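With the sequence shown counted from 1, adding 6 to any position gets you our numbering. By construction, the Cβ of each residue, glycine as well, lies at the ideal position given by its N, Cα and C atoms. As the structure is a computational prediction, the values presented were derived from the model and not from experiment. Here is the structure we will look at, set down as structure tokens.
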Amino acid sequence: MQRCDLGGREQGPVWHRKPKPAARQGAIVNIIHSATGYHSKTIRFLNVAFDSSGDSLLAGDHQGNIYVFDLNGNRFNLVQRTMQACTALAFNLRRKTEFLVALADYSIKCFDTGKYAITTSPDTAQLWDLDTFQRKRKLNVRQSVGIQKVFFLPLSNTILSCFKDNSVFAWEFDTLHCKYQLPTPVEGSVLLYKVFAVTRDGRIFVAGGKSNHLHLWCLESKQLLRIIQMPTKVRAVRHLEFLPDSFDGGSNQVLGVLSQDNIMRFINIETCKLLFDIGSHEEGISTAAISPNGRYIASVMENGSLNLYSVQALTQELNKPPPPLFKVVEDWSTCKLGTNKLTMRVTSGRSERPWKSRGNKIQTRSLKPQINTSLENKENELPGGLNKKRLQALLKGFGEYPAKYRMFVWRSLLQLPENHLAFSNLIDKGTHSAFVHIQNEYPIKSRKLLRVLQRTLSALAHWSAIFGETPYIPLLAFPFIKLFQNNQLICFEVVATVVVNFCQHWFEYFPNPPVNVLSMVENILAHHDKELLQHLIKYNVTSQVYAWPLLETLFSEVLTREEWLKVFDNIFSNHPSYFLMIVVAYVICSRAPLLHCNQTEDFEYFFHHRNNLDINVVIKEAYHLMESTPVDIHPQRMLDDFIPLTKGQYPVFNKYPKFIVDYQTQERERIRQDEIEYLRERQLVHELEAKAQARKVEDEAWYRKQELLQEAEEQRRKMLLEEEEKLAEQRQRLAAVKRELKIKELQLLDAARQRFLKYQQDQRQMELKRLDDEIARKASVREQETAAAAQDVEVRQMELESQRQLFEQHLIEDQETVMQEMKGERDTSRRKADLEDRLVQKLVEVDQEEKQKAQMAAEENLAKAEQKCIDTDWRMQALHKLRCEDQDREEHYKEIAKLLHDNRVKEAELLRTLKEAEEKKWQEIAQKKAQLEAEQKAAAAADEHRKQFLEEEMNDALELAEKLQKEDGCFERLHDLKAGHTETGLGFQQVPKPGNVCLNDLSVSESSSHDRRREELARKEWELMAQVRQLREKLTSRARTRCSPTRFPATKWTP
């Protein structure tokens, strides 16, 4: 145990070397405070307290010095000198740097603490608010009863008050109403409660006093659980405190009892057994405190020093494991231990002490030193505090690890390094080209599982190129991926560890199966079951049929999930050669069904599907094979021991024929490039096909159009042929009735004239009707445009009106805002005025009081008056600043009003501009109306001009007819001309029909050609009519000459 003397230092280290607890007492350091001077003496420590973390210790001595000891940082500091002895200490539960100190003058000081604190005296308990340092509540009791202790229950807002008549009340902190009262103790008990303790969960309450009895109360049921009787040496209890434990959930089981003999005993309140004690009659303990984390015990000794104990050292004997069940019989010659002596031997840096049996007989236990004991222990130690030998013993006892801790045990057995950075670098390389389309080969329903499989396999392929070329790597990795799909790092490292250790020599004959590993399996099978091997050889069943399917799938095809987990519990707990033994054991245990198989397909089916086997029998058979296989064929001779993955970076894996893998990688890359080229060419072919198809569609449309044109042309030709045939028939009929026509010629000519005139009238009426319809249509369109323009104007007016209303609304809102601000300022100024009035009234009252007290203390009143003057000046300055701020605010409001005025002016200008634009629009409408009327007048004048022109043309035609009547002519020619005129008229009337039939099928160019043809026909018609008039005049003149008596009325054209 080290010793630390504070002396006159204010800070320094607590210990100078790493503390080691004493073997029996568990003391770490002894702290004293010696005062150097004329008479050297020791300043006694009086109280000690831990903070909520348990790593800082507060101690006070009888001179009022307060020290803080940082046990983690190995430092002490003098934080306060109160110059009075302290009677109690406590850390603040909320602000870690504050603490409370109760002094001998009945005062409490808070330095640099929780929200609330409770102080107690024999007749009063007071609740204080540490934020305001005001008393919130006070508990008064009768002087005859008296208060023993009042304190908060841990981790709750319940206050427990204990009185001198053994009554215990629980109070609700918020309302200070009584929650409950513990019943009266057992009748006849002479125990008067003096000291109390409560477990951390607030369920168990212990009370003690001037007796060796302790009362255990359950605060939930409000009942007395039991009475514990301390040893007869204990006559009174001075202090009680529970020893915290990190794993008991607050239900503390170990209680520290400080008795009148200055020894603190720690007992188990459940078993009522004495566990250990501290202090002695020579070095008694005055008071003690236990850290909340249960690591330290600080005690103030009777000599005034401060001792610090390690709970771990005190409980070391209790936490020792039971003696081993496995004993070694040693040779008497090598054992030199005396049977009647207490001996202690140090081995491997540890000291073994005598231990007491239940029969109170002292026994000795010695450890035989072994040469490689430390090395074996080091090899068997696993991460997470596990031991491989103990795990193997557990596995042999239960056959499997607990499902709840299986993943943790596997990670410890495989010693996974968890290289997050290296794994992130592998993941960042993306999906490997070999596994881009893995969903096509392995269609997994779960998208998450497929994504984890793709990432893990890609990481393996980026780690070593062989895994991108190995076809069975997805089968090998899939069971672990499904098991660890929520932690991809662990999944990758488990698969990598399995490949490195349990798949040794698998890739040396790549791309072929591992012939060397399969030979090992075959040799083991030949040694243990030669008959089965001969049967397999008889039907040409090699190890690639009965062993390789089990190896490449890791038994996932032939075992259920529970069986598979049980098998790999044993595989991971043994040498890598055990994996091959499991394969041989599976084959041997299946010998009965295999001996009945005689077809290769049956053997293949057997090793690719689940079978009715007891997996426990297979595991036991594998252990038997491990022990009974000769050394020369044992796989352990060929396979290396388990080697975990290295930390930081993963090891290089190159145990495969590199040239083959590189060649396959190059071939894969070449195939990928060829596939890309093929896809590109196929895309080009698709594009060309699409273009050809489009061109084909266009050609078909063009040919279809040409066919339609040819059909229309052929139809016209047929119609022309029909018309020609009709004309020929008419000519024949005209030749047959030529004589009849001579008689009726005049009648026919008159009928023809009337028909022609009627035709002309009909044509003109149709033209006029068409013109009227066009005019009406244009007028309606004009009216619609006018209505639409009027609607647009109305909509624009509505928009302007809405904008005006919106502007007015914004202005009203701004005015309301200004009014509210002005109202708020007015209220503020009114409140300021009221405040000033109150201040003046208060000043007047103060002045009157000062005048009344002036006679008693003139100097004191003068000082107060000066102070009041200073305060008044300060208030006047503040008022002046407020007035300045009011003036600034008023100027700001003026600026805002000016801006609002400018906005109104701009809005008025905007409205005026809109009105001017509206007037301009109306003027444009009036101009357009005038222009329209002018155009209508011009159109009417053009119509009149056209009518006058037609009348002049008709008059010219009549004059020409009169001139032609004077000339002579031949009747036959007139007949021929009439016939020709008739034929021409018929042709003129018949030709447009095919054009009218096919109008919808012709294009715009064909319609223009028809218009030109119509103009030519009209011109030819006028020429033919002129010739008819001439022939008619000649015919009338000749008739006059032949038949003078007959008189025909003169014929003239009528418009």
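How is the beta strand (DSSP E) around residue i delimited, first residue to last?
i: R9; result: Q8 to D11
i: Y315; result: L312 to S316
i: V219; result: The sequence given here has His at residue 219, not Val. Run containing H219: H219 to C224, per the beta strand (DSSP E) assignment.
i: M413; result: Per DSSP, M413 belongs to no beta strand (DSSP E); it is in the alpha helix (DSSP H), R412 to L420.
i: C603; result: Note, C603: premise wrong, no beta strand (DSSP E); not H, not E.
i: M270; result: M270 to N274
i: L264; result: V260 to S265
i: I284; result: K279 to I284
i: Q132; result: T130 to D135
Quick one: what's got a C-beta closer than 7 Å to residue i's C-beta in the same chain, skipping five residues either side?
i: T345; result: At T345 the pLDDT is 36, less than 50, meaning the model places this residue with poor confidence; the figure from the coordinates comes in the next sentence. Cβ within range, chain order: n/a, list empty.
i: D646; result: Q510
i: K185; result: T164, A176, W177 and E178
i: A94; result: N53 and A108
i: K838; result: L888
Given a cut-off of 9 Å, decide if residue j and residue i are closer than it, judged by their beta-carbon atoms.
i: L538; j: L619; result: no
i: V624; j: I577; result: no
i: F1063; j: V504; result: Here the chain covers residues 7 to 1061 and nothing more, so residue 1063 does not appear.
i: N1120; j: D61; result: In this structure the chain extends from 7 to 1061, so residue 1120 is not present and cannot be described.
i: L63; j: Q90; result: no
i: L456; j: K488; result: no
i: Q154; j: R143; result: no
i: H6; j: L495; result: As displayed, the chain neither begins before 7 nor continues past 1061, which places residue 6 out of reach and without an answer.
i: L397; j: L419; result: yes
i: R674; j: G474; result: yes
If you count every other CB in all the chains shown that lies within 10 Å of the CB of residue i, and 16 or more means buried, which is it?
i: I303; result: buried
i: M236; result: buried
i: Y552; result: buried
i: R1020; result: exposed
i: T635; result: buried
i: N258; result: buried
i: H438; result: buried
i: Q31; result: buried
i: L314; result: buried
i: E627; result: buried
i: W177; result: buried
i: A483; result: buried
i: A319; result: buried
i: T476; result: buried
i: V352; result: Interpretation of V352 is limited by its pLDDT of 31, a score under 50 that renders its predicted location unreliable; the figure taken from the coordinates is listed afterwards. Burial call: exposed.
i: D575; result: buried
i: S167; result: buried
i: T1042; result: buried
i: W134; result: buried
Spatial neighbours of residue i within its chain, please: C-beta separation below 6 Å, excluding the five flanking residues on both sides.
i: E247; result: A203, G262 and I296
i: V415; result: Y407
i: L715; result: none
i: L459; result: I487
i: K26; result: none
i: K984; result: With a pLDDT of only 43 at K984, under the threshold of 50, the placement of this residue in the model should not be trusted; the figure read from the coordinates follows. Here the set comprises nothing.
Excluding the five sequence neighbours on either side, which residues of its own chain have a C-beta within less than 8 Å of the C-beta of residue i, listed in chain order?
i: N617; result: V564, S596 and P599
i: T321; result: L281 and F282
i: N546; result: T606
What residue does the alpha helix (DSSP H) around residue i start on, and which one ends it?
i: W177; result: Looking at the DSSP string, W177 is not in any alpha helix (DSSP H); the run it does join, the beta strand (DSSP E), is V174 to E178.
i: F404; result: K394 to F404
i: R567; result: R567 to F578
i: C595; result: S583 to C595
i: Y552; result: S549 to Y552
i: S305; result: From DSSP, S305 is part of no alpha helix (DSSP H) but of the beta strand (DSSP E) over Y302 to M307.
i: T834; result: E751 to K859
(request) Kindly provide the ranges of any alpha helix (DSSP H) runs that are 4 or more residues long and lie completely inside the region 434–516, ordered along the chain. (result) 444–447, 453–469, 472–475, 479–489 and 494–508
(message) My parser needs the beta strand (DSSP E) runs of 3 or more residues fully inside the region 617–691; what are they?
(response) none
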